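>
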Amino acid sequence: MFDVQVKKRLKNGDPSAYKEVFRLLYPRLKGYCRLFISDEHEAEDIIQEGFLTLWEKRNTIQPENSVENLLFVMVRNRCLNRIKKQKLEEVNADLETNIPSENQFLYQIDFSGKEDKSLEELMIESFQQAVDELPEKMQFVYKKCKIEGRKQKEIAEELGVTVKAIEKHISKAKHNIRQKLLLQYPSMVLLISLLIGNLK
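According to UniProt numbering, the sequence shown is numbered sequentially starting from 1.
What follows is the structure in structure tokens.
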């Protein structure tokens with residue numbers, strides 16, 4: 001999302017670069033955080049802490065680093081810490097019976113060796129896998145129209161089919177992808193809808 005110049009400016013302590021990152025990522029981070037933290041003020045505190053940590057550790061940012069990923073990981077970890085703190089008295093040897101499903105998913109990530117990835121990253125990986133598992137023609141149509149952004153009419157002409165047929169392929173593809181993601185992340189309905197819905 002951010003080019004090398006923005007990262008360099010941020011690393012060098014340029015306030016305008018920090019403001020640019022904050023302006024573009026704050027709304028997404030807030031929506032992401034509210035999936036797990038119901039209290040709006042508490043969610044805002046977590047996000048502010050994440051941005052503050054980014055600023056304090058800006059000297060460690062490298063050109064190949066994704067500022068977006070760093071922030072999502074920091075926010076996820078803070079959500080996890082808040083949940084652990086809130087549930088401390090309830091947690092026993094059997095975590096699965098004491099932690100609500102939407103929070104349990106965070107525990108599964110934390111102890112699965114994937115703590116360096118945000119929930120969004122993991123879901124995007126699963127999304128890409130679901131796309132790759134679509135039937136050949138459906139996959140071709142979906143990738144061309146929804147990922148590469150080509151017009152449905154253009155793809156219809158290329159394949160020698162109607163636009164209606166292209167729309168049907170896309171609709172079935174979205175349904176298949178949604179079902180596969182829901183099997184992996186049954187409590188992440190909202191995030192899945194946002195992920196698939198953002199590809200228009």
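Where a beta carbon is used, it is the ideal one built from N, C-alpha and C, also for glycine. As the structure is a prediction and not an experimental result, all values here were calculated from the model.
#1: So, helix, strand or coil for residue 2, using DSSP?
#2: Taking buried to mean at least 16 other C-beta atoms within 10 Å of its own C-beta, is residue 50 buried or exposed?
#3: Does the Cβ of residue 207 have 16 or more other Cβ atoms within 10 Å, making it buried, or fewer, making it exposed?
#4: Is the separation between the beta-carbon of residue 73 and that of residue 46 shorter than 8 Å?
#5: Going by C-alpha distance, which of 42, 67, 41 and 40 is nearest residue 53?
#6: Expressed to the nearest angstrom, what Euclidean distance is found between the alpha-carbon atoms of residue 176 and residue 11?
#7: The alpha helix (DSSP H) spanning residue 16 covers which residue range?
#8: Could you tell me the boundaries of the alpha helix (DSSP H) in which residue 141 lies?
#9: In this structure, how does DSSP classify residue 127 when only helix, strand and coil are distinguished?
#10: Return the chain-ordered list of same chain residues with a C-beta closer than 7 Å to the C-beta of residue 25, the five sequence neighbours on each side being excluded.
#11: Give the C-beta separation of residue 79 and residue 36 to the nearest angstrom, bearing in mind that I take them to be a contact with Cβ-Cβ under 8 Å.
#12: At which residues does the alpha helix (DSSP H) containing residue 178 begin and terminate?
With the given structure in hand:
#1: Residue 2: coil per DSSP, three-state reduction.
#2: Classification for residue 50: buried.
#3: Lying outside 1 to 200, the shown extent of the chain, residue 207 is not represented and no answer is given.
#4: Not in contact: residue 73 and residue 46 (Cβ atoms no closer than 8 Å).
#5: That would be 67, whose Cα lies nearest to the Cα of residue 53.
#6: Across the structure, residue 176 and residue 11 are spaced so that their CA atoms are roughly 42 Å apart.
#7: Here the alpha helix (DSSP H) through residue 16 covers 15-33.
#8: Counting along the chain, the alpha helix (DSSP H) containing residue 141 begins and ends at 136-142.
#9: The answer is helix: DSSP assigns residue 127 an H, G or I state.
#10: Once the five neighbours on either side are set aside, the close Cβ partners of residue 25 are 68 and 71.
#11: That pair is a contact at about 5 Å.
#12: For residue 178, the enclosing alpha helix (DSSP H) stretches over residues 163-184.
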